[in-house]
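Asker: Take a look at the following structure, please.
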Amino acid sequence: MADSKVINDLFFGKAGLDKKKVSAITADALKGCDDGEMYLEYAQSESVLFDDGRVKSANFDTAQGFGLRAIAGETTGFAHSTTLDEAAMKRAASTVKAVRSGKGGTMAEPPRGTNQQLYTDANPLPLVPFETKVETLAAIDAYARQKDPRVKQVTVSIGGSWQAVHIVRGDGYSSSDIRPLVRINVSIVVGDGTRMESGSYGAGGRVIYGEFLKPGTWKKAVDEALRQALVNLSSVEAPGGEMTVVLGPGWPGVLLHEAVGHGLEGDFNRKGTSAFTGLIGQRVAAKGVTVVDDGTFQDRRGSLTIDDEGTPTTRNVLIEDGILRGYLQDRMNARLMKMKPTGSGRRQSHAHHVMPRMTNTFMLAGDKTKDEIIGSVKKGLYAVNFGGGQVDITSGKFTFSATEAYLIENGKIGPAVKGATLIGQGPDVMKKISMIGNDLELDPGIGTCGKEGQGVPVGVGQPTLRIENITVGGTRV
Numbered sequence: 000m001a002d003s004k005v006i007n008d009l010f011f012g013k014a015g016l017d018k019k020k021v022s023a024i025t026a027d028a029l030k031g032c033d034d035g036e037m038y039l040e041y042a043q044s045e046s047v048l049f050d051d052g053r054v055k056s057a058n059f060d061t062a063q064g065f066g067l068r069a070i071a072g073e074t075t076g077f078a079h080s081t082t083l084d085e086a087a088m089k090r091a092a093s094t095v096k097a098v099r100s101g102k103g104g105t106m107a108e109p110p111r112g113t114n115q116q117l118y119t120d121a122n123p124l125p126l127v128p129f130e131t132k133v134e135t136l137a138a139i140d141a142y143a144r145q146k147d148p149r150v151k152q153v154t155v156s157i158g159g160s161w162q163a164v165h166i167v168r169g170d171g172y173s174s175s176d177i178r179p180l181v182r183i184n185v186s187i188v189v190g191d192g193t194r195m196e197s198g199s200y201g202a203g204g205r206v207i208y209g210e211f212l213k214p215g216t217w218k219k220a221v222d223e224a225l226r227q228a229l230v231n232l233s234s235v236e237a238p239g240g241e242m243t244v245v246l247g248p249g250w251p252g253v254l255l256h257e258a259v260g261h262g263l264e265g266d267f268n269r270k271g272t273s274a275f276t277g278l279i280g281q282r283v284a285a286k287g288v289t290v291v292d293d294g295t296f297q298d299r300r301g302s303l304t305i306d307d308e309g310t311p312t313t314r315n316v317l318i319e320d321g322i323l324r325g326y327l328q329d330r331m332n333a334r335l336m337k338m339k340p341t342g343s344g345r346r347q348s349h350a351h352h353v354m355p356r357m358t359n360t361f362m363l364a365g366d367k368t369k370d371e372i373i374g375s376v377k378k379g380l381y382a383v384n385f386g387g388g389q390v391d392i393t394s395g396k397f398t399f400s401a402t403e404a405y406l407i408e409n410g411k412i413g414p415a416v417k418g419a420t421l422i423g424q425g426p427d428v429m430k431k432i433s434m435i436g437n438d439l440e441l442d443p444g445i446g447t448c449g450k451e452g453q454g455v456p457v458g459v460g461q462p463t464l465r466i467e468n469i470t471v472g473g474t475r476v
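Each residue of the sequence shown is one higher than the one before, counting from 0 in numbering that gives the first Met the number 0.
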């Protein structure tokens, strides 16, 4: 993809770098290596938090720098700096050269070029004045409080970032990308007597602020957060035990992301530490289950034009009709496993190393309606929203806390319950899926994935699912 005027102005105008010299430094640093790159980054980010009827915090940050990575075999040399000048790059080059250890390598072929560009050069942050953002947050706070007398606390935040990256390889190949990102969050606490409960809703994407500052959009966010809080206010203690569980569409796909998606990342499988290692071509899920990771959706939170090695993102079918078809690969793990990169090499910033990561991970729709699935369950749990969770990649075991869930009794949705935790093992649960809904939804744009201390924005999604015999940790005595 050709460098935009913005990229050239940022790195070879304002920063004063010379393209030919940066390319020469990179080529010298990577001579005799198998792969690597110079990764230039410029980023702006901001956030405003409104709590207790006032602005509680407001932050704006500008960051820039580079990361230089050299790869020889399985060994990686990495150096980074917040100083964008040739002297710093030459010092970094002298550091990463150590990985060669006197052994010559053959530089891998560069990523294929792409003509796609998901995002324009527009920076969303300065397009809306700070005063307008504060006025919007105050209006959200006032709207939420007048909706119901039981509202005790309202916390609202809005944030955004704009990132420009330019990647230079030792063979002279270069690519660049512009990445906007915005998000709005609403959290509401309601109370009745001595009981207090909360609900929250967030939305975002790789767009400008405009849509999220419109009353029609933020009122829906407030209404949903308040609905969840009031549902929880009337909830009863959750029962425990093994039972049929129905997962709602959309955000509950976070369970799929954690319990299955991480286990399909190339590094874990190359090292033999994933529950899915060595299972390509074998059945790992029930028939009808197809799982896709796709970074090409316009405006979605996990979408990128290119990954952080310059490989164009694509649609990767990981599980097809229950059969494992492949893993998510960055360039190094793909080379070592004799597979193709999948556009999944990601890093939090120039100061972080690349790992295979997810983008937007979801399960495709089936042919059942939500009513059919709920109606088929005599006794079980309907989980609609999730909070925190944990997964062990090696075993695939997970625990997830439901923030909104209901009992299912004789094919009908019953009372809301609180304190329900789903406990299981990823590959095992995938084989227990017995019904797949026709109502695939992607999450509203709120996901952040953590791995080895790095956070990157991602998307999740799924249709309504019926899963047999999941262990539910409850609070009912």
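Beta carbons are placed, not taken as given, at the ideal position from N, Cα and C, and that holds for glycine.
1) Given a cut-off of 8 Å on the beta-carbon distance, is the pair S199 and I305 in contact?
2) Are the beta-carbon atoms belonging to I422 and G388 less than 8 Å from one another?
3) If you measure between the beta carbons of V455 and R334, is that distance less than 8 Å?
4) By the three-class DSSP mapping on this structure, what secondary structure does R345 have?
5) Check each candidate in G249, S375, T154 and name the one with the smallest Cα separation from D50.
6) Let's test the definition: count the other Cβ atoms within 10 Å of the Cβ of Q145 and tell me whether it reaches 16, buried, or not, exposed.
7) Where does G425 sit, in a helix, a strand or coil, going by DSSP?
8) Check F11 in the structure and name its three-state DSSP category.
9) Would a C-beta distance cut-off of 8 Å place T463 and V291 closer than the cut-off?
10) In the DSSP assignment, find the unbroken alpha helix (DSSP H) run with F296 in it and report its ends.
11) Helix, strand or coil for G374? Go by DSSP, reduced to three states.
12) Alpha carbon to alpha carbon, how far is G262 from V5? Give it in angstroms, no decimals.
13) Would the beta-carbon of G446 fall within 8 Å of that of V428?
14) Which same chain residues, not among the five before or five after T276, have their C-beta less than 7 Å away from its C-beta?
15) What does the Cβ neighbour count give for G240, buried or exposed, with the cut at 16 atoms within 10 Å?
16) Please name the residue, chosen from M331, G192, G204, that lies closest to R68 on a Cα-to-Cα basis.
17) Pick helix, strand or coil for K200, following the three-state DSSP scheme.
18) In this structure, what does DSSP give as the bridge partners for W161?
19) Evaluate contact between the segment 47-62 and the segment 153-167, counting only Cβ atoms and requiring at least three cross-stretch pairs below 8 Å.
20) Cutting at 8 Å between CB atoms, please list the residues of its own chain near K431, excluding the five before and the five after it.
21) Do V383 and E403 come within 8 Å of each other at the CB atom, strictly closer than that value?
22) Which residue comes first and which comes last in the beta strand (DSSP E) that contains K218?
23) How would you write the range of the beta strand (DSSP E) that Y142 sits in, first residue to last?
24) Below 6 Å CB to CB, which residues in the same chain sit around L39 once its five sequence neighbours on both sides are set aside?
25) What does the alpha-carbon distance come out to for the pair G418 and V235?
26) Is the segment 248-266 touching the segment 299-313, taking contact as three or more C-beta pairs under 8 Å?
27) Cβ of S433 less than 8 Å from any chain D Cβ?
28) If you draw a straight line from the C-alpha of S233 to the C-alpha of R182, how long is it?
29) Under three-state DSSP, which class holds T447?
30) What is the DSSP secondary structure of L439, counted as helix, strand or coil?
31) Between which two residues does the beta strand (DSSP E) carrying N58 extend?
32) Restricting to Cα atoms, I'd like to know which of L126, A137, E36, M106 is closest to V54.
33) Would you tell me roughly how many angstroms separate the C-alpha atoms of K89 and I24, rounded to the nearest one?
34) Could you have a look at G106 and say whether DSSP puts it in helix, strand or coil?
35) Counting pairs of beta carbons, one from the segment 7-21 and one from the segment 74-93, are three or more of them closer than 8 Å?
36) Compare the C-alpha of Y172 against each of E108, V98, L124, L225 and name the closest.
Answerer: Answer, in terms of the structure:
1) Reading the sequence shown from its first residue, position 200 is the one you call residue 199. Reading the sequence shown from its first residue, position 306 is the one you call residue 305. A distance of 8 Å or more separates the beta carbons of S199 and I305.
2) The sequence position of residue 422 within the sequence shown is 423, counting from 1. The sequence position of residue 388 within the sequence shown is 389, counting from 1. In this structure, I422 lies away from G388, with their beta-carbon atoms at least 8 Å apart.
3) Translated into positions along the sequence shown, residue 455 becomes position 456. Translated into positions along the sequence shown, residue 334 becomes position 335. Contact: no.
4) Numbered from 1 along the sequence shown, position 346 holds the residue referred to as residue 345. Of the three classes helix, strand and coil, the one that applies to R345 here is strand, per DSSP.
5) Here residue 50 corresponds to residue number 51 of the sequence shown, with the count starting at 1. Ranking G249, S375, T154 by CA distance to the CA of D50 puts T154 first.
6) Position 146 of the sequence shown, counted from the start, is the residue given in the question as residue 145. That one is exposed.
7) Taking the first residue of the sequence shown as 1, we reach residue 425 at position 426. G425: helix per DSSP, three-state reduction.
8) Within the sequence shown, the letter at position 12 stands for residue 11. In this structure, DSSP gives F11 a helical state, which the three-state scheme calls helix.
9) Reading the sequence shown from its first residue, position 464 is the one you call residue 463. Reading the sequence shown from its first residue, position 292 is the one you call residue 291. Taking 8 Å as the Cβ cut-off, T463 and V291 do not qualify as a contacting pair.
10) As a first step, residue 296 must be located in the sequence shown, where it is residue number 297. Note, F296: premise wrong, no alpha helix (DSSP H); not H, not E.
11) Locating residue 374 in the sequence shown gives position 375, where the first residue counts as 1. G374 falls in the helix class under three-state DSSP.
12) Numbered from its first residue, the sequence shown carries residue 5 at position 6. Numbered from its first residue, the sequence shown carries residue 262 at position 263. Taking the straight line from one Cα to the other gives about 38 Å.
13) For the purposes of this step, residue 446 is taken as residue 447 along the sequence shown, with counting starting at 1. For the purposes of this step, residue 428 is taken as residue 429 along the sequence shown, with counting starting at 1. No. Outside cutoff.
14) Sequence index remark: in the sequence shown, residue 276 carries index 277 (1-based). Excluding sequence positions up to five before and after T276, its CB lies within less than 7 Å of the CB of N268, all in the same chain and listed in chain order.
15) The residue you call residue 240 lines up with position 241 of the sequence shown. Around the beta carbon of G240, fewer than 16 other beta carbons lie within 10 angstroms, which makes this residue exposed.
16) Taking the first residue of the sequence shown as position 1, residue 68 is located at position 69. Closest by alpha carbon: M331.
17) Along the sequence shown, read from residue 1 onward, the residue named residue 200 stands at position 201. In the sequence as presented, Lys is not what sits at residue 200; that position holds Tyr. Looking at Y200 - three-state DSSP - the assignment turns out to be strand.
18) The count along the sequence shown starts at 1 and reaches residue 161 at position 162. Residue pairing of W161 in beta bridges, as defined by DSSP: Q43, P179.
19) Touching, per the Cβ criterion.
20) Against the sequence shown, residue 431 aligns to sequence position 432. Correct list, in chain order: A285, I466, E467, N468, I469.
21) Stepping through the sequence shown from its first residue, residue 403 is reached at position 404. Stepping through the sequence shown from its first residue, residue 383 is reached at position 384. Yes; because the gap between Cβ atoms is below 8 Å, this pair is in contact.
22) Within the sequence shown, numbered from 1, the residue matching residue 218 stands at position 219. The continuous stretches of beta strand (DSSP E) do not include K218, which lies in the alpha helix (DSSP H) extending over residues 214-232.
23) Translated into the one-based positions of the sequence shown, residue 142 becomes position 143. Run containing Y142: none in the beta strand (DSSP E); it sits in the alpha helix (DSSP H), 129-146.
24) The sequence position of residue 39 within the sequence shown is 40, counting from 1. Excluding the 5 residues flanking it on each side, L39 has same chain C-beta neighbours closer than 6 Å at F10, F65, H165, in chain order.
25) Here residue 418 refers to the residue found at position 419 of the sequence shown. Here residue 235 refers to the residue found at position 236 of the sequence shown. Their Cα atoms are separated by approximately 9 Å.
26) Pairwise C-beta distances place the segment 248-266 out of contact with the segment 299-313, as fewer than three of them are shorter than 8 Å.
27) The structure shown contains no chain D; it holds only a single protein chain.
28) Position 234 of the sequence shown, counted from the start, is the residue given in the question as residue 233. Position 183 of the sequence shown, counted from the start, is the residue given in the question as residue 182. Approximately 29 Å, taken between the alpha carbons.
29) Residue mapping note: residue 447 aligns to position 448 of the sequence shown, counting from 1. Shown here, T447 sits in a strand according to DSSP, grouped into three states.
30) Mapped onto the sequence shown, residue 439 falls at position 440. Looking at L439 - three-state DSSP - the assignment turns out to be coil, as it is neither helix nor strand.
31) As a first step, residue 58 must be located in the sequence shown, where it is residue number 59. N58 -> beta strand (DSSP E) spans 53-71.
32) The count along the sequence shown starts at 1 and reaches residue 54 at position 55. Nearest in C-alpha terms to V54, of all of L126, A137, E36, M106, is A137.
33) Numbered from its first residue, the sequence shown carries residue 89 at position 90. Numbered from its first residue, the sequence shown carries residue 24 at position 25. Take the alpha-carbon of K89 and the one of I24: they are about 7 Å apart.
34) Within the sequence shown, numbered from 1, the residue matching residue 106 stands at position 107. Looking at the sequence itself, residue 106 is Met, so the reference to Gly does not match. Residue state, collapsed to three classes: coil.
35) Verdict: yes, contact present.
36) As a first step, residue 172 is located in the sequence shown; it is residue number 173 there, counting from the start. Y172 has its Cα closest to that of E108, out of E108, V98, L124, L225.
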